Every structure is written in structure tokens, then in C-alpha cells.
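Novice: Structure provided below as C-alpha cells; questions to follow.
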């Protein structure tokens, strides 16, 4: 019998701990420190009200596919004008579920890019799409809304399979990624065009002039009570990506379970006051500054954001990482630092019979994110440095960068 004609087995488990061996890490995470099975275990424990299902597809005894689906209450008010959100909050005193839906999603709000994998030799694209929909229905039969994210470049055919099944398209926020070709931040900055390079150098030089101090800490559990309020400040001011805040328990789990892969970078004034931090993950060739916190009252007078991200790029280069995943939002600063934007698409379908007639046509606008301006801040690779022969030694950018990003490290 042909392998492709053998019956396809679809089953689900409710925890990453029940996914066989290293299957998730080998096929989906693929070296990303904050998409790993251990990272997902941190999410599972930190979000007890969120349900997790891992779809396992097999054919003839061999694993043929894998996907992650989650379910939770989703507040539509976060996607509507602020005045509507305030009105909804008042109504919820009497009707707790007002303007909320039960959302089933292939993926999580904390991770990006593909949340699935299948073996093309055992499973066709069409079969995978059908099997995933069957699994979502079996895992979360009462969900009002199903969202599948994130389709990347090269996923157009799979995305089309879902659009043909009644899903509506929506644009997600793009992922900002820095490709490091060199072993130092100074060398990376020399790849920038003159205007962004000068801008970054001024910001980093200002940090030195103002006496800001960076420190990278590996065992950072004792710092979380001091850092977490700064994360909440950033979350409160978020305009591009609104969601419920990540609980403190998540940070604690990461510190406990990913001691080798995670670190915390802190930024303090000369008086020792904490004004910013970044929680990051590093594994193999990928570095991911994941969560940033900062004191907004000081952010206008101090170069907090540039200094933190500059230090993250420097650390990634020192660790030999080829790629830095800078996540979503704050694209102007990230592109100034040399990031390029990778587009991410979603598809969505309403299941609720009473919501579908009037909300389904609105899904692209309701769920879709406004796309940022794309800027090209990297020089053409054939163009040499301004007035230089390709070496960064002795340029103003390299001198100011080297002095500004001295980071002490605490085990």
C-alpha cells in the first residue's frame, strides 16, 4: 500500500511535556531559545486560564505533523477605539463576557512565525490543512473564533487552503530581525547608512556621558520584583500590540527552567536607579531580546531604548549569533539599528452563528494590524564605509560604541 493512502491518525495532548522526545524542538522551535519546549512549559504554568493542545499527526506509525493550538477569552474591546473599551469595562460589571469571545488560535501571543510542521513525504498540504481544522474542532468545539498564525514567506499555498475554506485574511505585525554578519557591534554599525549610524552612535555616546551603567545577570530571580513594574509601564503604554500583561510567574519560570539560555540586562543611572531592563534568550545562532521594561518618566531625557537594544546586539555578536529576533513593535528604532521586517499573515473564521453574519466580514479590519513603514537602513553590501576601506577601526562610530557598551556580567 502507498504510504500516502494509509489512514491518518489525529490526536492531541494538553501539555508540551506529553509531546514525544525532542519532536517540538527539532521541527518547530529549531534552535529558537524562546520557542523551545521548556519555554512553552513556562507559558503553560504562567497562564493557568489558557488551554493548550498539541496536535500530533501520524501515518503508518510515523509522525507526520505537529501543531500548537491554544484557547482563551479574547477581549474584542482591545481592538476597538479606547472609548468603546471604557464603555465595555462598565458593561462588564453586569455582563462579565460582554465584547469577549472564546478564541482558539494556532499559536500564542508570546511567540511568532510558524507554530506547525508537517512531513511533506507523508502528508500533502491539503491533508495537513484539513487535519488541523479537524483537530481544532475536536480540541475546542465551543470556540467562537479560530485564528491561524503566522504565515511567512513561502506559506502562500497553505494560506490559500484556509482562505478557500471560508477564512478571512488579516495582517499581523511584522517581525523585526537583525542578521549579524560580523563578530562585533562596531562592525555591524558600519553596515548602516550614514544617517542611522550617526543617530545610533550619538545615542550610545550620550549613555556614557550621562553615566548609565549596563549589567547582564544570569541568575536574575532576585531582580524580578524591581524589574516587573517597569515591564508593566511598557505594557500600559503599548499602542501597536495590545494584550493582557504577562504575569510575574512567567519571568520566574524562565529564570528557574532556562538558566543557561536566559539572561537579564539592566540599565541603571549613576545613582543606581533602575531605568530599564531586557529579558532575553540565547541558544545556538539565535538571540531574542524578549521583554523590555523601562521607566517612562525618564525615557525622554535618557537614551534607554537605544542603549538596551545596542547592548543586546553587542551580546549576540559576542556569542556568535547569526540572527537577532527583535520581536514586534517599535519599528523605527529597530530599523535604525539595522533590522529588516519579515511579514506575517493570519487567517480567521468565526464559528459563532450569532456573531458570524455581522462580524465575519469585518475580521480583516478588526484583527489586522496597521503595517509600519519599511525603511532601508543598511548600505548596499558593495558600498564601502564613508571614506574608509571597510575597516571600522578608528571611525567615530566605533569609538563611541566601544565606550558606551561596556557591560558587566554577574553570574
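Residue numbers (my numbering): 1 to 411.
Note that CB positions come from ideal geometry on N, CA and C, so glycine has one too.
On a predicted model such as this, the values are computed, not experimentally measured, just so you know.
Only counting the same chain, and skipping five residues up and downstream in sequence, which positions put a Cβ closer than 6 Å to that of residue 382?
Specialist: Confidence at residue 382 is low in this model, with a pLDDT of 41, below 50, so the placement of that residue is unreliable and no value is reported for it.
Novice: Are there three or more Cβ pairs, one per stretch, closer than 8 Å when the segment 57 to 70 is compared with the segment 197 to 212?
Specialist: Too few Cβ pairs lie closer than 8 Å, so no.
Novice: With a threshold of 6 Å on Cβ separation, who are the neighbours of residue 18 within its own chain once the five nearest residues in sequence on each side are excluded?
Specialist: Taken in chain order, the list of residues that qualify is empty.
Novice: Buried or exposed, going by whether 16 or more other CB atoms sit within 10 Å of the CB of residue 137?
Specialist: Counting Cβ neighbours within 10 Å, residue 137 comes out exposed, since fewer than 16 surround it.
Novice: Of the residues 360, 295 and 373, which one's Cα is nearest the Cα of residue 342?
Specialist: Nearest C-alpha to residue 342: 373.
Novice: Is the distance from the Cβ of residue 288 to the Cβ of residue 212 below 8 Å?
Specialist: Contact: no.
Novice: With DSSP as the reference, label residue 140 as helix, strand or coil.
Specialist: Reduced to three states, the DSSP call for residue 140 is coil.
Novice: Is residue 354 helix, strand or coil by DSSP?
Specialist: In this structure, residue 354 counts as coil in the three-state DSSP scheme.
Novice: Around the C-beta of residue 444, are 16 or more other C-beta atoms found within 10 angstroms, so that it is buried, or is it exposed?
Specialist: Here the chain has residues from 1 to 411 only, and residue 444 is not among them.
Novice: Taking the beta carbon of residue 110 as the centre, do at least 16 other beta carbons fall within 10 Å, making it buried, or is it exposed?
Specialist: By the 10 Å Cβ count, residue 110 comes out buried.
Novice: Over what stretch of residues does the alpha helix (DSSP H) that includes residue 307 continue unbroken?
Specialist: Residues 304 to 318.
Novice: Counting Cβ pairs closer than 8 Å, one from the segment 104 to 122 and one from the segment 147 to 157, do we hit at least three?
Specialist: Yes, they touch.
Novice: Can you check which of these residues, 322, 106 and 268, is closest to residue 305 by C-alpha distance?
Specialist: Checking every option, the nearest Cα to that of residue 305 belongs to 268.
Novice: Compare the C-alpha of residue 338 against each of 238, 377 and 130 and name the closest.
Specialist: Nearest of 238, 377 and 130 to residue 338, Cα basis: 377.
Novice: List the residues that DSSP assigns as beta-bridge partners of residue 347.
Specialist: Answer is 148 and 169, bridged to residue 347.
Novice: Please decide whether residue 87 counts as near chain B, where near means a Cβ-Cβ distance under 8 Å.
Specialist: The structure shown contains no chain B; it holds only a single protein chain.
Novice: Considering just the uninterrupted stretch of the alpha helix (DSSP H) at residue 331, what are its terminal residues?
Specialist: 331 to 336 is the span of the alpha helix (DSSP H), which, as asked, contains residue 331.
Novice: Label residue 29 either buried or exposed according to how many other C-beta atoms from any shown protein chain fall within 10 Å of its C-beta, with 16 as the threshold for buried.
Specialist: Residue 29 should be labelled buried.
Novice: Please list, in chain order, all residues of the same chain as residue 99 whose beta carbon is under 6 Å from its beta carbon, the five residues on each side excluded.
Specialist: Closer than 6 Å at Cβ, skipping near neighbours: 76, 77 and 88.
Novice: On a Cα-Cα basis, can you pick out the residue from 331, 357 and 367 that is closest to residue 375?
Specialist: Nearest of 331, 357 and 367 to residue 375, Cα basis: 331.
Novice: Is the separation between the beta-carbon of residue 143 and that of residue 104 shorter than 8 Å?
Specialist: Yes, they are a contact pair.
Novice: With 16 other CB atoms within 10 Å as the buried threshold, where does residue 327 fall?
Specialist: Burial call: buried.
Novice: When you compare only the Cα positions, how much space is there between residue 190 and residue 303?
Specialist: Roughly 21 Å between the two C-alpha positions.
Novice: Cα separation between residue 26 and residue 35?
Specialist: Near 11 Å, if we compare the C-alpha coordinates of residue 35 and residue 26.
Novice: Within the chosen definition, does the segment 174 to 181 reach the segment 311 to 326 through at least 3 CB pairs nearer than 8 Å?
Specialist: Yes: the two stretches touch, three or more of their Cβ pairs being nearer than 8 Å.
Novice: Indicate whether residue 33 and residue 281 have their beta-carbon atoms separated by less than 8 Å.
Specialist: A contact, by the Cβ cut-off of 8 Å.
Novice: Among the candidates 171, 97 and 85, whose CA atom is the shortest distance from the CA of residue 370?
Specialist: Of the listed residues, the one whose Cα sits closest to residue 370 is 171.
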